Amino acid sequence: MNWGRLSLFLFLTVSPLEAQQTLSLEDYLHQVKSQGPDYQSQAAAVEGFEKQSHQQDLTYSPVLTAGYNHENDESQQSTFLAPSQTLTDTAGVSITDVLPFGPKLTLGYAFNDLNITYPPQLLSAFGPYESDFLTSYYQISPVISLSIPLFKDFGGSQTGAGVHVVQYQFEAQAYAAAFQREQELYNAQSAYWTLAKDLEEINIRQDTLDRNQKILDWTQKRVARNLADPPDALQAEASVRLAELDLEKAQETERTDRIAFNRYRDLKTDEVPETLQPLEDSLNQMREDVPQDIPERLDLKAAEDTANQQKAAYDQAHQNVYPDLTATASWRGNGLDPSFGYANEVAWGTDHPTYDIGVSFNLPLDVFTASRVAEGYWKNYQSALLSLQDKQVQVQQDWQDLRDHLQEVDKRLDMTAQIEAIQKDKADQEKQRLEYGRTTEYQLLLFENDYNAARLDHLSVILEKVNLLAKAQWWLATEVMPTASTTSTPENPNGETK
Numbered sequence: 013m014n015w016g017r018l019s020l021f022l023f024l025t026v027s028p029l030e031a032q033q034t035l036s037l038e039d040y041l042h043q044v045k046s047q048g049p050d051y052q053s054q055a056a057a058v059e060g061f062e063k064q065s066h067q068q069d070l071t072y073s074p075v076l077t078a079g080y081n082h083e084n085d086e087s088q089q090s091t092f093l094a095p096s097q098t099l100t101d102t103a104g105v106s107i108t109d110v111l112p113f114g115p116k117l118t119l120g121y122a123f124n125d126l127n128i129t130y131p132p133q134l135l136s137a138f139g140p141y142e143s144d145f146l147t148s149y150y151q152i153s154p155v156i157s158l159s160i161p162l163f164k165d166f167g168g169s170q171t172g173a174g175v176h177v178v179q180y181q182f183e184a185q186a187y188a189a190a191f192q193r194e195q196e197l198y199n200a201q202s203a204y205w206t207l208a209k210d211l212e213e214i215n216i217r218q219d220t221l222d223r224n225q226k227i228l229d230w231t232q233k234r235v236a237r238n239l240a241d242p243p244d245a246l247q248a249e250a251s252v253r254l255a256e257l258d259l260e261k262a263q264e265t266e267r268t269d270r271i272a273f274n275r276y277r278d279l280k281t282d283e284v285p286e287t288l289q290p291l292e293d294s295l296n297q298m299r300e301d302v303p304q305d306i307p308e309r310l311d312l313k314a315a316e317d318t319a320n321q322q323k324a325a326y327d328q329a330h331q332n333v334y335p336d337l338t339a340t341a342s343w344r345g346n347g348l349d350p351s352f353g354y355a356n357e358v359a360w361g362t363d364h365p366t367y368d369i370g371v372s373f374n375l376p377l378d379v380f381t382a383s384r385v386a387e388g389y390w391k392n393y394q395s396a397l398l399s400l401q402d403k404q405v406q407v408q409q410d411w412q413d414l415r416d417h418l419q420e421v422d423k424r425l426d427m428t429a430q431i432e433a434i435q436k437d438k439a440d441q442e443k444q445r446l447e448y449g450r451t452t453e454y455q456l457l458l459f460e461n462d463y464n465a466a467r468l469d470h471l472s473v474i475l476e477k478v479n480l481l482a483k484a485q486w487w488l489a490t491e492v493m494p495t496a497s498t499t500s501t502p503e504n505p506n507g508e509t510k
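The numbering of the sequence shown is the numbering used here, which starts it at 13 and goes up by one.
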């Protein structure tokens, strides 16, 4: 029986402690990264855009083409000189590659197996020369061809510009999404510290209310004994009502901040069962180096790639103004023999080649429209450059303002810490005076309320500083691709892991 009571006592004692386990900032951010839909959305977008930025690399990737065809031709002929049946097996394979500096190269190999049946009257007409008619043979043709643009797309300029248009577009989107992903972490950190500050403020407000209630009770007793005037009681009661109002506002704010706190880790409830580490502990753990000059911010890199994309789009469109002058050259070997081995040997030799050299010329007649379109792309490029210059100035100004703000916050943090220490010392000394009967409880409660107000001011400045340090951490982030440890794997609608 005693053991049962002891077990019940331990259960009632330990259970609340387990329910109120401390949630550190690091653990909370881990929940945000692994569960938060906003963070995961931006992280997935970064990975998607980064991979899509390589799709135009396929332009310069070799392309393998292969084919096979079987044909049986037994159609009627208008003359007895034509074969009565032709069986053909045709196969071929080629590799085509567009080189980054412009040329297009093709390597191919063609194979034909022909079996021809001639009418008997045709063969008998040639008598002893009947054997000169090949009725089964192989035709082999290796091919090498090269085309080089000499004017439009010279040096692969237009093709390369088209590749860069897509590459810079997706890279800019990846940088922008990475910047927003880091902003989600900053917002989550701010939500954690804001809620921690709310919880501490509620305790202080409750303490202030309790003290004001004691002042009211003490004053009402003095009024009842005619030791104080009724307005003194009204003033004390007004202080109580004001403290109740402040506490109510603090609790409403804390409830709203709890919702935001849980939203970042994908919880629908407004309850936070964990306890958070004190705000001052978070400040002591923050060790963010704030350099004199900020490296390129992720959103600035996005603006730079946007400008590069517009420049590449202009280069691509401007090429349409020029005529297309392309030089082509090809070599084809020819081997024909009933023996495949001999036909193949002859095909790769130099006895029966076919050479082809040519030039093609295409001139767009509506040059004015092409020029006007290119001018429109140029204007877009100029607009992107101006936006980039404005973004560069904004980033530098934001960084300098943050550094200045941090210096000011450090000064105010020292001031509020000193004020808090003074108010605490004043309240402690007033407690000693009360023990010696040299002051009143009313005066002590007022001093303790002053101390609580100083604590609130100090907490507000701490919150301001940790938010500034977190913002510096956000702006200094340069990682584009999320690491595997900070993202979970989503599932597709069919339940298969992607």
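Ideal Cβ positions, reconstructed from N, Cα and C, are used throughout, including at glycine. On a predicted model such as this, the values are computed, not experimentally measured, just so you know.
Starting from the Cα of residue i, find the closest Cα among the options and give me that residue.
i	options	result
residue 208	221, 471 and 181	471
residue 302	109, 176 and 414	414
residue 258	293, 214 and 241	214
residue 117	148, 177, 125 and 107	107
residue 439	462, 430 and 490	462
residue 490	322, 187 and 179	187
residue 433	286, 460, 221 and 453	460
residue 161	451, 447, 417 and 334	334
residue 304	409, 79, 286 and 431	409
residue 492	192, 359, 444 and 272	192
residue 153	482, 396, 363 and 443	363
residue 128	96, 120 and 119	96
residue 332	316, 166 and 431	166
residue 479	406, 341 and 201	201
residue 122	132, 291, 101 and 112	101
residue 312	404, 150, 67 and 89	404
residue 356	88, 33, 297 and 149	149
residue 349	42, 337 and 124	124
residue 130	115, 99, 113 and 114	99
Grouping DSSP H, G and I as helix and E and B as strand, with all else coil, what is residue i?
i	result
residue 157	strand
residue 148	strand
residue 193	helix
residue 238	coil
residue 128	strand
residue 448	coil
residue 309	coil
residue 343	strand
residue 363	coil
residue 492	coil
residue 437	helix
residue 349	strand
residue 35	strand
residue 368	strand
residue 378	coil
Around the C-beta of residue i, are 16 or more other C-beta atoms found within 10 angstroms, so that it is buried, or is it exposed?
i	result
residue 375	exposed
residue 372	exposed
residue 45	buried
residue 224	buried
residue 156	exposed
residue 168	buried
residue 227	buried
residue 40	buried
residue 330	buried
residue 442	buried
residue 261	exposed
residue 360	exposed
residue 90	exposed
Report yes if the CB atom of residue i is closer than 8 Å to the CB atom of residue j, and no otherwise.
i	j	result
residue 324	residue 110	no
residue 220	residue 255	yes
residue 473	residue 421	yes
residue 35	residue 211	no
residue 475	residue 206	yes
residue 396	residue 319	yes
residue 47	residue 244	no
residue 196	residue 419	no
residue 105	residue 78	yes
residue 159	residue 340	yes
residue 65	residue 183	yes
residue 282	residue 270	yes
residue 483	residue 198	yes
residue 378	residue 342	no
residue 235	residue 242	yes
Which runs of the alpha helix (DSSP H) fall wholly inside the region 41-125 and span at least 4 residues, in chain order?
49-64
Hey, which unbroken runs of the alpha helix (DSSP H) at 4 residues or more fall wholly within the region 253-341?
291-297 and 310-330
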